[in-house]
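Residue numbers (my numbering), protein chains in the order written: chain A, 1 to 110; chain B, 1 to 109.
Glycine included, C-beta positions come from ideal geometry on N, C-alpha and C.
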Amino acid sequence: DTAVSQTPKYLVTQMGNDKSIKCEQNLGHDTMYWYKQDSKKFLKIMFSYNNKELIINETVPNRFSPKSPDKAHLNLHINSLELGDSAVYFCASRATGELFFGEGSRLTVL
Amino acid sequence: QKEVEQNSGPLSVPEGAIASLNCTYSDRGSQSFFWYRQYSGKSPELIMFIYSNGDKEDGRFTAQLNKASQYVSLLIRDSQPSDSATYLCAQGANSKLTFGKGITLSVRP
């Protein structure tokens, strides 16, 4: 069983479109995250939810909207996609120690 | 701005050598430090975590933490070609893990 799973793994879309990425964890963790990794491998935190409540919101454009329907799920919706949004988006979950990452969703905006 | 700095590399060592990876951090309130390894096209995976000053050993890996000097390092002994990857240092504070930019290690056979 995959501990943190994301779908889809690949998205290719045109500028201006809207897309969503879904994430689910079966580890029983209370806290989930979205990270963005650019082409230079820099992994930057975007959002964090603890038991469905938003606790971290870094300076991310409001075109990005996370949603956590329950503590096992954290989705990311992106409106009006721009070229600079091309990256790998990682979902992660955490109890108190390490982060457990999903496999990543590679978004390419053309 | 709480930052984690890593020498961006790349670092190249011969097989069997010791690879030394270093990281400095700015947040004195950080309580936990992590080293992740990321193979190309894969997700980061935890190698070591360390909370206390001093050394922590796990197999060929040793993490070293010096809170006074605000640095954390990772030593890889008897480096293998399979150790070739990007290594990410992270500091943990207040529910957040902040990552450095990573350093790419190449182990030459």
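For residue j and residue i, the rounded distance between their alpha carbons
i       : j        : result
B:CYS89 : A:GLY28  : 25 Å
A:SER93 : A:LEU83  : 28 Å
A:THR24 : A:LEU74  : Contrary to the premise, residue 24 of chain A reads as Glu rather than Thr in this sequence. Each residue's Cα considered, the two are about 7 Å apart.
A:ASP38 : B:ASP78  : 31 Å
A:ASN79 : B:ILE18  : 47 Å
A:LYS36 : A:SER105 : 10 Å
A:LYS58 : A:ILE45  : Sequence inspection shows Glu at residue 58 of chain A; the Lys mentioned does not correspond to that position. Distance between the alpha carbons of A:GLU58 and A:ILE45 is about 7 Å.
B:PRO14 : B:ARG60  : 15 Å
B:LEU46 : B:ASP83  : 13 Å
A:PHE42 : B:LEU65  : 22 Å
B:GLY29 : B:ILE50  : 14 Å
A:PHE64 : A:LEU76  : 7 Å
B:GLY41 : B:ASN94  : 29 Å
A:LEU4  : A:GLY102 : A small correction: the amino acid at residue 4 of chain A is Val; Leu does not occupy that position in the sequence shown. Spanning the two alpha carbons is a distance of roughly 5 Å.
A:ILE56 : B:THR104 : 29 Å
A:ALA72 : A:ASP30  : 8 Å
B:ASP58 : A:LYS40  : 29 Å
A:THR2  : A:ASN26  : 8 Å
A:LYS19 : A:VAL60  : 16 Å
A:ASN51 : A:ALA95  : 11 Å
A:ASN17 : A:ASP85  : 11 Å
B:THR98 : B:TYR39  : 19 Å
B:SER26 : A:LEU107 : 31 Å
B:VAL4  : B:PRO10  : 17 Å
Below-8 Å beta-carbon distance, residue i vs any chain A residue
i       : result
B:SER43 : yes
CB contact check: residue i to chain E, cutoff 8 Å
i       : result
A:ASN50 : Given the protein chain composition of this structure (A and B), no chain E is represented.
Span of the beta strand (DSSP E) around residue i
i        : result
A:THR31  : 31-37
B:SER69  : Where B:SER69 is concerned, there is no enclosing beta strand (DSSP E), given that its DSSP letter is neither H nor E.
A:LEU43  : 43-50
A:LYS22  : 19-25
B:MET48  : 45-50
B:GLY92  : 85-93
A:VAL88  : 87-94
B:VAL4   : 4-6
A:ILE56  : 53-57
B:ILE103 : 103-108
Expected contact under 8 Å - CB spacing of residue i and residue j to nearest Å
i        : j        : result
A:LEU110 : A:VAL12  : 7 Å
B:PRO81  : B:PRO109 : 5 Å
A:TRP34  : A:PRO69  : Not confirmed; about 15 Å, so no contact.
- Could you run through the segment 81-102 of chain B and flag, in chain order, every residue whose CB is less than 9 Å away from some CB of chain A? THR86, LEU88, ALA90, GLY92, ASN94, SER95, LYS96, LEU97, THR98, PHE99, GLY100, LYS101, GLY102
- Taking Cβ-Cβ distances below 7 Å as the criterion, which residues of the segment 71-103 of chain A are in contact with chain B? PHE90, GLY97, GLU98, LEU99, PHE101, GLY102, GLU103
- Message: To be precise: take each residue of the segment 43-69 of chain A, compare its Cβ to all Cβ atoms of chain B, and keep it if any distance is under 8 Å. Which residues remain?
- Response: LEU43, LYS44, ILE45, SER48, ASN50, ILE55, ILE56
- Interface positions of the segment 9-38 of chain A facing chain B (Cβ-Cβ less than 7 Å), listed along the chain: THR31
- Near-chain A residues of the segment 13-37 of chain B (beta-carbon distance less than 9 Å), N- to C-terminal order: Cβ contacts with chain A: SER32, PHE34, TYR36.
- Task: Note down, in chain order, all residues in the segment 42-62 of chain B with a beta-carbon under 8 Å from any beta-carbon belonging to chain A.
- Result: LYS42, SER43, PRO44, GLU45, LEU46, PHE49
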